[in-house]
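J.: Residue numbers (the working numbering), protein chains in the order written: chain A, 10 to 252; chain B, 10 to 252. Beta carbons: idealized from backbone N, C-alpha and C, even for Gly.
1. DSSP three-state call for residue 176 of chain B: helix, strand or coil?
2. To test your reading of the DSSP string, which unbroken alpha helix (DSSP H) runs of 4 or more residues are found completely within the region 131 to 205 of chain A?
3. How many angstroms separate the CA atom of residue 68 of chain B from the CA atom of residue 29 of chain B?
4. Which ranges would you report for the beta strand (DSSP E) in the region 22 to 87 of chain B if only whole runs of at least 3 residues count?
5. Does any residue of chain B bring its CB to less than 8 angstroms from the CB of residue 241 of chain A?
6. Just grab the DSSP bridge partners of residue 119 of chain A for me.
7. Would you please state the rounded distance, in angstroms, between the beta carbons of residue 50 of chain B and residue 120 of chain B? I believe it to be under 8 angstroms.
8. Measuring straight from C-alpha to C-alpha, what distance separates residue 122 of chain A and residue 199 of chain A?
9. Verify whether the separation of the beta carbon atoms of residue 21 of chain A and residue 56 of chain A is less than 8 angstroms.
10. Determine whether the Cβ of residue 79 of chain B lies closer than 8 angstroms to any Cβ atom of chain A.
11. In three-state terms, what does DSSP make of residue 244 of chain A?
12. List the DSSP bridge partners of residue 102 of chain B.
13. Can you confirm whether residue 226 of chain A, when its beta carbon is compared against all beta carbons of chain B, has any partner nearer than 8 angstroms?
14. Going straight from the alpha carbon of residue 40 of chain B to that of residue 131 of chain B, what length do you get?
15. Output, in chain order, the set of chain A residues within a Cβ distance shorter than 8 angstroms of residue 174 of chain B.
16. Since I believe residue 193 of chain A is in contact with residue 88 of chain A (beta carbons under 8 angstroms), could you give me their beta-carbon distance rounded to a whole number of angstroms?
17. Anything in chain B within Cβ reach of residue 209 of chain A, meaning under 7 angstroms, just list it in chain order.
18. Closest Cβ-Cβ distance between residue 10 of chain B and chain A: below 8 angstroms?
19. From residue 78 of chain B to residue 147 of chain B, what distance separates their C-alpha atoms?
20. Between the region 219 to 239 of chain B and the region 138 to 146 of chain B, do three or more beta carbon pairs fall short of 8 angstroms?
21. When you compare only the Cα positions, how much space is there between residue 171 of chain A and residue 195 of chain A?
22. Given this structure, state the Cα-to-Cα distance separating residue 10 of chain A from residue 36 of chain A, to the nearest angstrom.
23. Can you tell me the Cα-Cα spacing of residue 14 of chain A and residue 34 of chain A, whole angstroms?
24. Determine the direct distance from the alpha carbon of residue 165 of chain B to that of residue 113 of chain A, and round the result to whole angstroms.
25. Excluding the 5 residues preceding and the 5 following residue 102 of chain B in the sequence, name in chain order all residues of the same chain whose CB lies nearer than 8 angstroms to its CB.
26. Kindly indicate which three-state DSSP category residue 214 of chain A falls into: helix, strand or coil?
27. If you draw a straight line from the alpha carbon of residue 191 of chain A to that of residue 134 of chain B, how long is it in whole angstroms?
28. For residue 65 of chain B and residue 100 of chain B, I'd like the C-alpha separation in whole angstroms.
29. Given this structure, state the Cα-to-Cα distance separating residue 105 of chain B from residue 38 of chain A, to the nearest angstrom.
30. For residue 153 of chain B, which of B/27, B/176, B/187 and B/94 has the nearest alpha-carbon?
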């Protein structure tokens with residue numbers, strides 16, 4: 010059976026006692042039914058993965074004894090994923106997949122054709138944590154709050170390039186091979202595509218590169234995973250580039 | 010509002026009346042509330058997409074009048090996706106994503122670490138049809154029945170190469186750039202990975218190429234989309250190769 014992994018927002022070091030809040034304690038004792046003394050794995054997003062022993066786990070809280078580091082901290086490359094939220098389950102899915110695929114930051118953006126007017130940032134962040142727990146990650150990408158695309162672009166640092174997955178760009182995919190290394194963000198549109206005004210603005214920005222994701226129409230969640238895969242394989246840590 | 014699209018397993022030609030079965034007729038009249046005379050789009054997986062007018066739609070059945078072809082038939086490249094079924098929702102998801110990403114055939118395989126002993130082939134096939142309907146496709150990949158991996162490999166035609174997404178292969182991804190064109194299949198393992206015996210056999214086969222999908226552990230559904238994206242961009246119709 011796979012070892013239970015828990016994200017703990019607390020400094021981790023050998024011999025360090027770590028408090029558990031009620032939810033964490035309930036998860037270990039009530040849901041997973043682990044008795045005191047059980048070894049689990051913990052990470053805090055900064056200090057790698059550590060083995061820890063359950064010292065106490067009761068309804069209102071408990072504590073762990075941190076034992077030893079079992080994996081170094083591993084951060085993803087400097088890649089953001091900006092996406093227009095869609096239906097709830099598929100938005101959850103994008104956050105889960107972006108975490109697995111090694112996005113360093115996840116930014117929900119409101120576009121002209123985005124129906125969502127708000128998101129549950131806390132719920133999406135919890136999904137990113139759960140994905141990191143399940144996929145043996147040591148890093149949890151921060152999930153931003155919903156931001157209008159225009160505002161995002163107004164404040165954009167031009168040294169971070171944008172890979173725009175343009176669903177209106179038919180034909181073969183542009184190769185990513187010639188694109189420069191460095192900080193990037195992938196931008197995925199909503200199911201209805203970007204508006205004409207948004208398209209014109211994106212096309213005019215010198216730090217934006219357009220790619221096509223093939224001749225078939227992809228759902229936004231599929232497009233997110235596909236674009237992350239192409240970027241990671243060409244410019245990211247799948248290609249052996251440093252994280 | 011997007012036009013309703015319906016997969017109809019019937020020859021399509023201008024002026025041709027096409028019968029609707031009870032489920033299709035109920036979908037149009039009962040679920041979508043479309044009156045007779047409404048224009049919809051239909052495809053049969055072979056003859057492209059056609060506009061059609063609802064002639065009659067009642068509880069037990071109905072009929073369409075096919076008007077004109079609106080899109081040519083577009084088949085995906087000769088790429089199969091072989092995957093070990095996982096939990097129901099994620100298996101459904103893999104079939105949906107493989108259809109969007111342009112797999113020509115979907116083959117569920119039973120591996121040593123696969124928990125599923127059977128699949129609902131008809132339900133998975135319905136998912137592939139629904140994905141093609143929603144994503145403006147004209148092709149529906151056939152979904153096979155569950156086949157043990159050993160049997161699949163026993164009968165394998167060596168002219169079809171296998172791209173094995175090997176979760177145990179750490180480190181940077183092998184580039185797909187040098188791999189030959191032609192018929193391929195992507196092989197994705199179960200969450201527990203392939204057994205030692207399976208790994209030894211796969212490694213010994215001359216038509217198998219291993220790739221890594223980066224340093225993070227991916228769920229099987231994520232790995233399927235990522236591997237399909239890399240193949241399509243390098244050897245498939247995203248790279249401008251003929252379908």
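T.: Reading it off the structure:
1. In the structure shown, residue 176 of chain B sits in coil (DSSP, three-state: anything other than H, G, I, E or B).
2. 158 to 163
3. Cα to Cα, residue 68 of chain B sits roughly 10 angstroms from residue 29 of chain B.
4. 26 to 29, 48 to 52, 58 to 67 and 70 to 80
5. yes
6. A/157
7. About 39 angstroms; that fails the 8 angstroms criterion.
8. 7 angstroms
9. yes
10. no
11. coil
12. Answer is none; residue 102 of chain B lacks a bridge partner.
13. yes
14. 21 angstroms
15. Result: empty, since nearest Cβ-Cβ is about 11 angstroms, beyond 8 angstroms.
16. By a beta-carbon distance limit of 8 angstroms, residue 88 of chain A contacts residue 193 of chain A. Their separation comes to about 5 angstroms.
17. By Cβ distance, chain B contributes nothing, its closest Cβ being about 24 angstroms from residue 209 of chain A, past 7 angstroms.
18. A caution first: residue 10 of chain B carries a pLDDT of 45, below 50, which makes its placement in the model unreliable, though a value can still be read off. So, not an interface residue.
19. 12 angstroms
20. no
21. 6 angstroms
22. In this prediction, residue 10 of chain A scores a pLDDT of 45, lower than 50, which makes its location untrustworthy; the coordinate-derived value is nonetheless stated afterwards. Going from the Cα of residue 10 of chain A to the Cα of residue 36 of chain A covers about 17 angstroms.
23. Across the structure, residue 14 of chain A and residue 34 of chain A are spaced so that their CA atoms are roughly 13 angstroms apart.
24. 41 angstroms
25. 230
26. coil
27. 42 angstroms
28. 36 angstroms
29. 37 angstroms
30. B/94
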